[in-house]
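Written out below as structure tokens is the structure these notes cover.
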Amino acid sequence: MSYRSSSDMYSRRPTGHEETRRVSDASRDYRRHDGHEPRRRDDSRDRDRDRDRDRDYGTSPRTYDAHREPLKGPSATVPPTRYDSLTSRSRQDYGIPTSSTSSTPLRPDAGNPAESIARSFKELSEVLVERSKLEIHKENLDRTLEKRQREYEKTKNKHAEFPSLPELQNKYRILDQRSRDELEVHLQKSKAKIKKLTEGISVELLQGLPLVDMQSRARPQDSKLSKESEAGLAALKNTVQQHHNNFKEGLAALRKHIGEAEASATEQEQNYRSALEKQHAAFEQKLRKLGEDMTAKQASQVQAQEDKFQFQLSKQEEQTKTLLETQRAELLDSQGKFLLGDVASLKQENSVLKQENSVLRSDLDSLLQRVDDLTRQVAQQNKDATELRTTVSACGQKVEEQGRKVSGHEQKLAGLDIEALDRISEHYTFDFENLTRDVEDMKAVTGGLSSKVEKLDVDKPIVQPASGAQFQNIKNELWALNDKLQDQLMQSLGEVVDKVDSEVKRHGERLDVLDKVGSASTNTGNQQHHPEYVLTRTMIDELQQKFESVSATLNGVKQEHAELLERFTQADATTQETIKGYRDDLAKKTETLEHQITVLDSQFNNLTTKGMAEHIIGHMETIYPTAQHLKVLIASLGTSIAEIKNQLGDTDIQDLPRSIAALSGEMHLLQENFTTMKAQMVILISAKRYDEEQHPPKRRRVEPNPNGNAHSIIVNGNNDLNGG
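Just so you know, we're using our numbering here: the sequence shown kicks off at 907 and counts up by one.
So, in structure tokens, the structure goes:
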């Protein structure tokens, strides 16, 4: 156990006057609190002594010797201990001269030391409970972090396939690590607070010991202790030894009580486990019974639904058949006779239409045959026209040659004189006769051409305009060449050409009229009996529409039947899925309950282990005084007594037995308060553990966490993570 001096607790040291005043007031208050009425003579003497000490502070031989010179006698060889400051301060508080450089200030609490120590121990117990919770929470977080790290290493090969997995894992790891760091900060603060409270309790225990009061009530004197004071000191030593023995007995009783508490906790744990097992068995039985009841209920509902669907289906089929028969009877009754008459008339009209159709087909065949003939004739006419153009071009060439010959003859005639003409008149007459003969030959050729053209006038509908232009050119050339010689020949040739053109045009017009007449006759044949035909088609269309309506109604009935079957199938599938969902839900809840029972088991074991009990005992030994500590106190008492022997002056010996008796009573009272406080701490810890065991829903609740198998444990309103 570590101790610290009072100078660490108070930053400001009182001055000489302030300290003297406070010491005197504290001495008077303390004596008044003990029930000893101070005497007026003692008060006057104390005030005079304080005034003289304040006036001569630092110059008194006694003060100088106490401050400067080393101790003489048996106490000179005793080394200073941690209680020297306490002894020095006690002497100074109650009028014993001490060094002015003492580092221990006054005790701040001048009230009942037992109450102050009890409050400090209560606060320390609360801080210890809080630190235990924080340590348990930290252990749970450490296990959770280790589990998450193992899961991260295990799923590392899946990170490339699922990129969001490492992000989610890192997110929860960061959250847990942050919570652990915050918890570590709180734990360090709690440890520092525990250390501070422990040191404060140690100081308060040392300040509240009866030795201090004994020393404060002692008065310095120069003579030796009387026999009564020696007897009081011996009694005091015996009392200290008795208190030490009582403390050992109390510690043994405390350990015995802890053992009984462990046995009781073990028994409660066994009872709790047996109750949990019974509850689990009852729950499994209820779950099994519930599953059987639900299966039977679902089966009966499915069977009833199926019977209902079958009944509705048969009823719908009967209604459909009745409706079809009714519609069929109504249709036969309302339109049967009319349809029979219409059928007879339709048959007759159909036969007439067939005859007309056969006639039209024969006419169409003849027209098609004629069209084929006309097509062949047109092809032949085109061929003949091509040959005619070739012949006409050859005739034109011959006419040109004759023209050239005539021109040559004219030139030659121009170069001849009349006499020469007269001489060759006979020859010219002969040439004219040849020319006339050639003209007659030309007429014969032209006549042959005219006959060919007359032969083609029934075949070729339209002659190309290029033929007329060529004939006009030929005619102009002939008129130019034979203007003088063959005027009549050219006129007749022009008339022939005009006649050929008119005949060709006339035949073309006849062909056009013939085509129009053929198309008109076809249209007339198609439109023959048209109103009756339209009426017949209308009746046939109406019959087809009625038949299609009946077919559509029948198809609708079939579709409704198919829909009913499909709905029945869907209802069956939905029922099966619902049953499966209930089963899965019950299985998940059962698994969650088993996991919660396991978690509660492990936590209960952690709270009720022997190691924790030993840890509590060891920690209490660090807080409460032990045998070694008491030995040190006894050694310090011996040193203090030796110092008192050397420093006692003319103190009133008669007050010493009364002070020793009061000191013994206060020490006994302090020991009783200390024992009571320990018992209260043990009872408080046992009651807290019993409350946690008897009321787990209020103190502890396990909730499913979306992070894998981890569960959230709520303890005293704090949310802890416990790795499942």
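Using N, Cα and C, we set each Cβ at its ideal position, and we do this for glycine too.
C-beta contact flag for residue i and residue j at 7 Å
{"i": "Val1023", "j": "Glu1110", "result": "Residue identity differs from the one stated: residue 1023 is Ile in this sequence, not Val. Their beta carbons are under 7 Å apart, which means Ile1023 touches Glu1110 by this criterion."}
{"i": "Leu1193", "j": "Leu1506", "result": "no"}
{"i": "Thr1481", "j": "Val1035", "result": "no"}
{"i": "Lys1044", "j": "Leu1089", "result": "yes"}
{"i": "Asp1087", "j": "Leu1051", "result": "no"}
{"i": "Ser1026", "j": "Ile1107", "result": "yes"}
{"i": "Ile1503", "j": "Leu1196", "result": "no"}
{"i": "Leu1160", "j": "Leu1093", "result": "no"}
Exposed unless 16 or more other CB atoms sit within 10 angstroms - verdict on residue i
{"i": "Val1091", "result": "exposed"}
{"i": "Leu1142", "result": "buried"}
{"i": "Leu1047", "result": "buried"}
{"i": "His1435", "result": "Summary for His1435: the model assigns pLDDT 45, below 50, so the residue's position carries little reliability; its value from the coordinates is reported in the next sentence. Exposed, since its Cβ has fewer than 16 Cβ neighbours within 10 Å."}
{"i": "Leu1636", "result": "There is no way to answer for residue 1636, as the model of the chain reaches only from 907 to 1630."}
{"i": "Ile1080", "result": "exposed"}
{"i": "Gln1287", "result": "buried"}
{"i": "Glu1212", "result": "exposed"}
{"i": "Leu1229", "result": "exposed"}
{"i": "Phe1153", "result": "buried"}
{"i": "Gly1165", "result": "exposed"}
{"i": "Gly1314", "result": "exposed"}
{"i": "Thr1545", "result": "buried"}
{"i": "Val1265", "result": "exposed"}
{"i": "Val1146", "result": "buried"}
{"i": "Gly1487", "result": "exposed"}
Beta-carbon contacts of residue i that lie in its chain and below 6 Å, excluding the five residues immediately before and after
{"i": "Tyr1058", "result": "Gln1075"}
{"i": "Pro1485", "result": "Here the sequence assigns Ile to residue 1485, which means Pro is not the residue at that position. So the list reads Gln1204, once near-sequence residues are dropped."}
{"i": "Lys1028", "result": "none"}
{"i": "Phe1189", "result": "none"}
Proximal residues to residue i (C-beta, below 8 Å), its chain only, five neighbours per side dropped
{"i": "Lys1099", "result": "Val1033"}
{"i": "Gln1433", "result": "Any reading at Gln1433 is ruled out, since the residue's pLDDT is 45, under 50, leaving its predicted position unreliable."}
Residue i Cβ short of 6 Å to the ligand SAH heavy atom set
{"i": "Gly1544", "result": "Judged by which ligands are present, the structure shown has none, so any question about the ligand SAH falls away."}
Closer than 7 Å to chain D by CB, residue i
{"i": "Thr1480", "result": "No chain D appears in this structure, which consists of one protein chain only."}
Contact set for residue i: own chain, Cβ-Cβ below 7 Å, skip 5 residues either direction
{"i": "Asp1015", "result": "Reliability of the predicted coordinates at Asp1015 is poor, the pLDDT of 45 falling under 50, and the value obtained from them is presented with this limitation in mind. Hits under 7 Å: Ser1022."}
{"i": "His1065", "result": "Leu1071 and Pro1072"}
Practice item. Enumerate, from N- to C-terminal direction, the unbroken alpha helix (DSSP H) stretches of 4 or more residues contained entirely within the stretch 1057 to 1114. Key: 1070 to 1114
Practice item. Could I get the ranges of all uninterrupted alpha helix (DSSP H) runs contained in the stretch 1120 to 1203, with 4 residues as the minimum, in chain order? Key: none
Exercise for review: Can you check the stretch 1223 to 1305 for any alpha helix (DSSP H) of at least 4 residues that lies completely inside it and give the ranges in chain order?
Suggested key: none
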